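Colleague: I am attaching a structure below and will ask some questions about it afterwards.
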Amino acid sequence: MNIDITKVANVIIYMLDEDVKHLNDRKLIILLFLIDYNFYKTKGRKIFGDEYIKQKRNPEAVVLADIFDIIANGEDLEEDDERLYLITDMLDFIDIEILTKEKFIELNFLKMEEDFDSSMFDKEEMKCIKEIVEKYKDDTARKIANACFQIDDVRNKSLDEVII
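Residue numbers (our numbering): -15 to 148.
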């Protein structure tokens, strides 16, 4: 798993500090996709390292979506499961509130005592993160997902096909 969970946790802290409205697991994954997609298109690499696939409603981060499903469903993992380490590392930085809705489970993120560590990111990464967060911080997950489907690389992929 190539995901950098420490960077993900740090960018969640950044988004909470920037007062991103209605930040839940779905909105986070879409924002991470847009950040990674834009950075990949200009710099040839992703910031967070997850693989993103096309789903019906929005691009999905493969590893992160799996981790969030495990948390939402309270699944038990074997001690040597790498996903357990990723979850533990993430929870060192943020707390996750599980909200059970009528038809789905939503994860909300809560800041703990950890501060955002900008040294985790280089100058170009921070520029890209700031641009995407500023552009979409007040938008709903649905509106941001719709913006993703305006991107040819997303629109032209089949369901479950890797975008980046």
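Backbone N, C-alpha and C define an ideal beta-carbon position, used for all residues, glycine too. All values derive from a computational prediction rather than experimental measurement.
Check each candidate in ASN(-14), ILE(-11), MET(-15) and ALA(-7) and name the one with the smallest Cα separation from MET96.
Modeller: ALA(-7)
Colleague: Using 8 Å as the threshold, is the C-beta distance between ILE71 and ILE55 below it?
Modeller: yes
Colleague: From this set, LEU15, ARG10 and LYS30, which residue's C-alpha is nearest PHE105's C-alpha?
Modeller: For the residues LEU15, ARG10 and LYS30, the minimum Cα distance to PHE105 belongs to LYS30.
Colleague: In chain order, what residues of the same chain lie with their CB nearer than 7 Å to the CB of ILE(-11), ignoring the 5 residues before and after it?
Modeller: LEU70, ASP73 and MET74
Colleague: Counting only the same chain and skipping the five closest in sequence on each side, list residues whose C-beta sits under 8 Å from that of ILE147.
Modeller: PHE17, TYR21, TYR36, ILE37, LYS38, PRO43, ASP137, VAL138 and LYS141
Colleague: Quick one: measure Cβ to Cβ for GLU86 and ASP9, integer angstroms, because I've assumed they're closer than 8 Å.
Modeller: 17 Å between Cβ atoms; not a contact.
Colleague: What are the boundary residues of the alpha helix (DSSP H) that includes LYS149?
Modeller: Outside the shown range of the chain (-15 to 148) lies residue 149, about which nothing can therefore be said.
Colleague: With a threshold of 7 Å (Cβ to nearest heavy atom), would ASN42 be considered close to the ligand SAH?
Modeller: This structure simply doesn't include the ligand SAH, nor any ligand for that matter.
Colleague: Under the three-state reduction of DSSP, which class applies to GLU145: helix, strand or coil?
Modeller: coil
Colleague: Quick check on DSSP: helix, strand or coil for LEU61?
Modeller: coil
Colleague: Could you tell me the distance, in whole angstroms, from the CA atom of ASP34 to the CA atom of PHE23?
Modeller: ASP34 and PHE23: Cα-Cα distance of roughly 13 Å.
Colleague: Would you tell me roughly how many angstroms separate the C-alpha atoms of PHE88 and ILE14, rounded to the nearest one?
Modeller: Rounded to whole angstroms, the separation of the alpha carbons of ILE14 and PHE88 is 17 Å.
Colleague: Could you spell out where the alpha helix (DSSP H) holding ASN(-6) opens and where it closes?
Modeller: Boundaries of the alpha helix (DSSP H) harbouring ASN(-6): -11 to 1, taken from the DSSP string.
Colleague: What residue range does the beta strand (DSSP E) around ILE71 cover?
Modeller: Not the beta strand (DSSP E): ILE71 falls in the alpha helix (DSSP H), residues 66 to 75.
Colleague: Tell me where the beta strand (DSSP E) around LYS38 begins and ends.
Modeller: 36 to 38
Colleague: Tell me the rounded alpha-carbon separation between LYS27 and ILE19.
Modeller: 12 Å
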